[in-house]
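Undergrad: Under the UniProt record's numbering, think of the first position of the sequence shown as 1, with each following residue one higher.
Below is the structure I would like to discuss, written out as structure tokens.
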Amino acid sequence: MILHIDMDAFYASIEERDRPGLRDKPMVVGGNPDKRGVVAAANYTARRYGIHSAMPTAQAKRLCPKLIVLPPRHSYYAQVSQQIRDIFHRYTPLVEPLSLDEAFLDVKHSHLLFGDATEIGRRIKREIRDELKLTASVGIAQNKFLAKVASEAGKPDGFLEVNPAGVQAFLDRLPVTKLWGVGKVGARSLQKHGIHTVGELRASTPALLEELFGSWGETLWELAHGRDSRPVIPDHKAKSLSHETTFAEDITDAEALRGWLLDLTRQVAARLRCNHLRGRVVIVKIRFADFRTITRSRTLPQSTDVTQELWDTGLALLLPNLPLRHRGVRLIGFSVSGFEGDESRQADLFSEPARAKNVRLDTVSDWIQARFGAAALTRAAELAHTAE
Numbered sequence: 001m002i003l004h005i006d007m008d009a010f011y012a013s014i015e016e017r018d019r020p021g022l023r024d025k026p027m028v029v030g031g032n033p034d035k036r037g038v039v040a041a042a043n044y045t046a047r048r049y050g051i052h053s054a055m056p057t058a059q060a061k062r063l064c065p066k067l068i069v070l071p072p073r074h075s076y077y078a079q080v081s082q083q084i085r086d087i088f089h090r091y092t093p094l095v096e097p098l099s100l101d102e103a104f105l106d107v108k109h110s111h112l113l114f115g116d117a118t119e120i121g122r123r124i125k126r127e128i129r130d131e132l133k134l135t136a137s138v139g140i141a142q143n144k145f146l147a148k149v150a151s152e153a154g155k156p157d158g159f160l161e162v163n164p165a166g167v168q169a170f171l172d173r174l175p176v177t178k179l180w181g182v183g184k185v186g187a188r189s190l191q192k193h194g195i196h197t198v199g200e201l202r203a204s205t206p207a208l209l210e211e212l213f214g215s216w217g218e219t220l221w222e223l224a225h226g227r228d229s230r231p232v233i234p235d236h237k238a239k240s241l242s243h244e245t246t247f248a249e250d251i252t253d254a255e256a257l258r259g260w261l262l263d264l265t266r267q268v269a270a271r272l273r274c275n276h277l278r279g280r281v282v283i284v285k286i287r288f289a290d291f292r293t294i295t296r297s298r299t300l301p302q303s304t305d306v307t308q309e310l311w312d313t314g315l316a317l318l319l320p321n322l323p324l325r326h327r328g329v330r331l332i333g334f335s336v337s338g339f340e341g342d343e344s345r346q347a348d349l350f351s352e353p354a355r356a357k358n359v360r361l362d363t364v365s366d367w368i369q370a371r372f373g374a375a376a377l378t379r380a381a382e383l384a385h386t387a388e
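Right, here's the structure in full:
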């Protein structure tokens, strides 16, 4: 059995924990509404006003004039994320982070020490609450796809296990948008053929899905049957580290996408440093509203874990590929591969003083932003890029 553990409104919940006076007040973590910022996370009070992540902060303020907007503290969130992962590793070494706030856990070798998957899931959920004062939603199932759907179905503060014998009963009633990659545009295409639920999609033909979604149609058909053979791969064994986000509403604003790319880059860079890895290959993934998906990559002259270097490369890959006038973007992803360890770092820094300075600046920036907030320090090179 696989566990998918997803923190509830992670950034916003951390801010509420650290500033109890914010509880029950509409609040988001996001960019400046006067500088085309976007919402990175919204607490559950703000969500009652229709506010969600990826929404322009200015629009969120229009929906709720009393909305509190806090600048993100990415380095601090990464530190809390590591504390959560330390709890995961008490129970299994097979932990695959998807982002700072969610991960898959394979607990097949843990039952003799800690009990079955249900018991392990409840213990982890309890320890996160007791030690970190945060809530997590837990999904348990026979594979990664089902576990993730289960954790989403129980939010917030949820706990849901999908019994292998009840997979189709669990899936069939769900809307097709619960399948990975099916957004509003894809759902409308399916609805034209009378397909509204996963059960109806499962009863359709693979040929129809291939006609509508291309090669992804076969994957959707497999998911509708509850099939997913992907293993849980820990960071240190992965060939790449990546983060991606699917937007609740298609984004047509290039500045908003730049802001999201920066957020994804920071998360990937934090994971690289945490695992003492540096990568040479940067990849940006864009899925448009019409379901066309493109990936663009660039190989760097030397490996890096420096946020600024990764961000500059990602931006160069993103901007030329945004023909947004006729279609929006529903998903954006950022990944790094071509790993090297830290062995060559000292030689690099000795031979390149300018790069050594940038690395030290990254370290100092992380510390200052973690302690005093993201607004406390901004590198001049970022001013033209960030949507905050």
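Note that beta-carbon positions come from the ideal geometry of N, C-alpha and C, so glycine has one too.
Indicate whether the contact test is met: 3 or more Cβ pairs, each with one atom in the segment 268-277 and one in the segment 294-313, closer than 8 Å.
TA: Short answer: they touch.
Undergrad: Just mark residue 144 as buried or exposed, buried being the case when its beta carbon has 16 or more other beta carbons within 10 Å.
TA: When all chains shown are included, residue 144 counts as buried.
Undergrad: Can you grab the Cα-Cα spacing for the pair residue 82 / residue 193, in whole Å?
TA: Roughly 45 Å between the two C-alpha positions.
Undergrad: Are residue 65 and residue 30 closer than 9 Å when you measure CB to CB?
TA: Contact flag unset, no.
Undergrad: When the Cα of residue 16 is compared with those of 232, 260 and 132, which residue comes out closest?
TA: Considering only alpha carbons, the answer is 132.
Undergrad: Grab the span of the alpha helix (DSSP H) containing residue 181 for me, first residue to last.
TA: Where residue 181 is concerned, there is no enclosing alpha helix (DSSP H), given that its DSSP letter is neither H nor E.
Undergrad: Identify every residue that forms a DSSP beta bridge with residue 6.
TA: Residue 6 pairs with 102 and 137.
Undergrad: In the DSSP assignment, find the unbroken alpha helix (DSSP H) run with residue 289 in it and report its ends.
TA: Careful: residue 289 lies outside any alpha helix (DSSP H) and carries neither H nor E.
Undergrad: Going by other Cβ atoms of all chains shown within 10 Å of its Cβ, with 16 needed for buried, is residue 148 buried or exposed?
TA: Label assigned to residue 148: buried.
Undergrad: What whole-angstrom Cβ distance do residue 100 and residue 232 have, given they're in contact under 8 Å?
TA: Not confirmed; about 18 Å, so no contact.
Undergrad: Just grab the DSSP bridge partners of residue 335 for me.
TA: Bridge partners of residue 335: 242 and 283.
Undergrad: Please go through the same chain and pick out, in chain order, the residues whose beta-carbon is closer than 8 Å to the beta-carbon of residue 179, but skip the five residues on each side of it.
TA: Closer than 8 Å at Cβ, skipping near neighbours: 198, 201, 220, 223 and 224.
Undergrad: Helix, strand or coil for residue 258 per DSSP?
TA: In the structure shown, residue 258 sits in a helix (DSSP, three-state: H, G or I).
Undergrad: Among residues of its own chain, excluding the 5 on either side of residue 175, which ones have a beta-carbon nearer than 8 Å to its beta-carbon?
TA: Contacts found: 187, 196, 197 and 198.
Undergrad: Within the same chain, show all residues whose beta-carbon is closer than 8 Å to that of residue 380, passing over the 5 residues directly before and after it, in chain order.
TA: Its pLDDT being 40, under 50, residue 380 is placed unreliably by the model, and the measurement read from it follows with that caveat. Excluding residues within five positions, none has a Cβ falling inside 8 Å.
Undergrad: Where does the unbroken beta strand (DSSP E) through residue 41 begin, and where does it stop?
TA: Looking at the DSSP string, the run of the beta strand (DSSP E) that includes residue 41 is 39-42.
Undergrad: What whole-angstrom Cβ distance do residue 84 and residue 128 have, given they're in contact under 8 Å?
TA: That belief holds up - the Cβ atoms of residue 84 and residue 128 are roughly 6 Å apart, short of 8 Å.
Undergrad: So is the beta-carbon of residue 264 under 8 Å away from any non-hydrogen atom of the ligand ADP?
TA: No copy of the ligand ADP appears in this structure; indeed no ligand is present at all.
Undergrad: For residue 302 and residue 284, what's the separation of their Cα atoms in angstroms?
TA: Approximately 18 Å, taken between the alpha carbons.
Undergrad: Whole angstroms is fine: what's the gap from residue 146's alpha carbon to residue 34's?
TA: Spanning the two alpha carbons is a distance of roughly 40 Å.
Undergrad: In chain order, which continuous runs of the alpha helix (DSSP H) of length 4 or greater are located wholly inside the segment 11-62?
TA: Listed in chain order, the complete alpha helix (DSSP H) runs (minimum 4 residues) inside the segment 11-62 are 44-47.
Undergrad: Does DSSP classify residue 97 as helix, strand or coil?
TA: Strand.
Undergrad: Given this structure, state the Cα-to-Cα distance separating residue 226 from residue 21, to the nearest angstrom.
TA: Cα to Cα, the separation comes out at about 43 Å.
Undergrad: Applying the 10 Å Cβ sphere with the 16-neighbour rule, what's the burial state of residue 43?
TA: Answer is buried; the Cβ neighbour count reaches 16.
Undergrad: Once DSSP output is grouped into helix, strand and coil, what is the label at residue 142?
TA: Residue state, collapsed to three classes: coil.
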